[in-house]
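Here the structure is laid out as structure tokens; the discussion comes afterwards.
So this is what it looks like as structure tokens:
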């Protein structure tokens, strides 16, 4: 008689990124610090401040598009790390970059990459303070940004309450529009909106200074994915008004050039905008909005927090589920 | 007439890691902080302290041996980052880990990896305070350690003076012995010395408190490679006494099991010991050594700094060049 032993091995592709992170959280020893795994930054209490630390990586296969220049790779690496500092209301203290590059990489590629990284750091008021370079099979760039924020100005991902206003800085869909427009004859100049994102350092600081934000994160993964993440962390739901979304001007241009792409789909799901998504109590929203307006920063209410889980889109009075079409690692891709 | 245009492109494999780093240094904007690219850590001045930040990565192809367990990978990732904090005399504040894993990675692999990382952090008095997990082609683990040190206790790589004593903590060649012994029938238990290195946190703090160290780095790349790095940074030379090297007990065992491997070669070149290599003025060396001895820490003088470039080994009165047989990335490998 033949006996078959089937060993069931759970793999990351079965459980997905969020479950994997839950596994990690259960195992890790808690320090005296607040454990912020799952937030944009780790936060180390130092007197009246939190020291913010965040690490983000980009890989050739998943982040680097064939049209991206080495300068843009450098810019992008620093921008995505600074964006996490911005989302917590922090000021940057410095960035460390670790470059993994193949042996055949040209010297001029390295120089351009460094120039892009330096330009982004300097543009946002900081510098690259350390790093290393190592040989790898595929381009693997790792950045670590360090920042600082007063404890009472720190904007966590955790804290949104039912009836809070949901708001975003700036415009949505700019990166998505850039991605599609750069492929067209007339739209090449929009590639920067996708390849050279701006971390919202100034916006983050202004919001933090108001001390009215109940939860905050950056829109790196797109609006829908971000709302689903906040929903999990805060055990709340969201109602988003389609008509209130501040569409990027370039997104309004898109249908005339490329009619097959839905601008609202990009604004809701595409990601790469690096705007800040925040919740603010309804009593404090108008004053916060005005304070930012005075400094030239647009803050737009796009919906509200609800007491029950579920993310909905309200479109001309009709309420329907807003699906999570963002990107979760390990799980089969939805795009 | 046929014209041939030959474009000469310099690649990283032609210029090597150190020249590549020089290129980067020339481009980067200097902040108000001291720029420590090339040192073990970036150092951000905060009042009377430096905040230390270091990032190090391990890759499947270059760092992960087939016999290494997931637990050991986690331990190793945290240990190599903490070692850079130790080499600057710092106390750890926390570690952020960023795990790049293939989709087919099993859940139990992730759990073991996390347990190893957590165990190492906790063993050395700190915790993992943040991180993320992403899908990659090959295992790519990135750690960032943050630490703090008083400005007047900071131990830089820069500062060794001619006639200073060159000294090391602990024993040399332990990792090398572990690497060879684990391949033998009798020596499996020594694999830990290679796979689970101990960052010298306590040793680093004790040395820093003496305020006598003129330069310091960890021995991750082996003694010869480290001496060549200090030579470049400080424009000095070194004379090392072969007879003075504190050989690891397991290294002395090696010839009886595996006669083909030269113990001194491993102590001089193999790396992976993560002991600290320091220079101290001759007037202050004995007191420093005694202070460490009282706390059970071995500090051994192995040679002296010279005024002229050149790294030499003195063996039974004979002086010969000690070649750099350590590892430089991008250049054809010397092993």
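Protein chains in written order, with our numbering: chain A, 1395 to 1729; chain B, 1395 to 1729. Each residue gets a CB set at the ideal place from its N, CA and C atoms; glycine is no exception.
Under a 10 Å Cβ-count criterion, residue 1510 of chain A is classified as buried, with 16 or more other Cβ atoms of the shown protein chains found around its own Cβ. With its beta carbon at least 8 Å from every one in chain B, residue 1651 of chain A lies outside the interface. The C-beta separation of residue 1493 of chain B from residue 1571 of chain B comes to about 30 Å, leaving the pair out of contact by the 8 Å criterion.
By the beta-carbon neighbour count (other beta carbons within 10 angstroms, threshold 16), residue 1441 of chain A is exposed. When CB distances to chain B are screened at a threshold of 7 Å, the residues of the stretch 1491–1519 of chain A falling below it are 1492, 1494, 1495, 1497, 1498, 1499, 1500, 1501, 1504, 1505, 1508, 1509, 1512 and 1516, in chain order. Per DSSP, reduced to three states, the secondary structure at residue 1412 of chain B is helical. Within chain B, the C-beta atoms nearer than 8 Å to that of residue 1445 of chain A come from 1445, 1487 and 1540, in chain order. Closer than 8 Å to the CB of residue 1407 of chain A there is at least one CB belonging to chain B. Within chain B, the residues whose beta carbon sits less than 7 Å from that of residue 1534 of chain A are 1534, listed in sequence order.
Between residue 1685 of chain B and residue 1566 of chain B, the beta carbon gap of about 22 Å keeps them out of contact (Cβ cut-off 8 Å). Between the C-alpha atoms of residue 1671 of chain B and residue 1578 of chain A there is a straight-line separation of about 58 Å. In the three-state reduction of the DSSP assignment, residue 1582 of chain A falls in the helix class.
Between the stretch 1452–1466 of chain B and the stretch 1550–1558 of chain A there are fewer than three C-beta pairs closer than 8 Å, too few to call the two in contact. Here the alpha carbons of residue 1713 of chain A and residue 1489 of chain A stand approximately 44 Å from one another.
Secondary structure at residue 1646 of chain A: helix, using DSSP grouped into helix, strand and coil. Residues of the same chain with a CB within less than 6 Å of the CB of residue 1478 of chain B, apart from the 5 flanking positions on each side, are 1434, 1435 and 1448 in chain order. If you draw a 10 Å sphere on the C-beta of residue 1508 of chain A, you find 16 or more other C-beta atoms in it, and that means buried. Buried is the label assigned to residue 1528 of chain A, since at least 16 other Cβ atoms lie within 10 Å of its Cβ.
Every unbroken stretch of the beta strand (DSSP E) spanning 3 or more residues and falling wholly within the stretch 1454–1512 of chain B is given here in chain order: 1485–1495.
The C-beta of residue 1650 of chain A has fewer than 16 other C-beta atoms within 10 Å across all chains shown, which makes the residue exposed.
Counted as a single uninterrupted DSSP element, the beta strand (DSSP E) harbouring residue 1608 of chain A occupies residues 1607–1612. Close CB contacts of residue 1545 of chain A within its chain, under the 8 Å cut and outside five residues either way in sequence, are with 1439, 1442, 1443 and 1444 (chain order).
When only Cα atoms are considered, residue 1586 of chain A and residue 1459 of chain A end up about 13 Å apart. Taking C-beta atoms as the reference points, residue 1480 of chain A and residue 1581 of chain A fail to come closer than 8 Å. B:1535 is the residue among B:1646, B:1535 and B:1531 whose C-alpha sits nearest the C-alpha of residue 1450 of chain B. Residue 1523 of chain B and residue 1644 of chain A have their C-alpha atoms roughly 39 Å apart. Around residue 1658 of chain A, the same chain offers no residue with a beta carbon nearer than 6 Å, after the five sequence neighbours per side are excluded.
Listed as beta-bridge partners of residue 1673 of chain B by DSSP are B:1560 and B:1609. According to DSSP, residue 1439 of chain A shares a beta bridge with A:1444. Of the residues A:1456, A:1679, A:1629 and A:1501, the one whose Cα lies closest to the Cα of residue 1604 of chain A is A:1679. Close partners of residue 1718 of chain A in chain B (Cβ separation under 9 Å) are lacking, with about 17 Å as the shortest Cβ gap.
Residue 1516 of chain B sits in a helix when the DSSP states are folded into three classes. Taking 8 Å as the CB threshold, residue 1548 of chain B stays off the interface with chain A. Taking C-beta atoms as the reference points, residue 1614 of chain A and residue 1663 of chain A fail to come closer than 8 Å. Contact annotation: in the stretch 1587–1606 of chain B, no residue has its CB less than 8 Å from a CB in chain A. Residue range 1617–1628 is occupied by the alpha helix (DSSP H) that includes residue 1626 of chain B.
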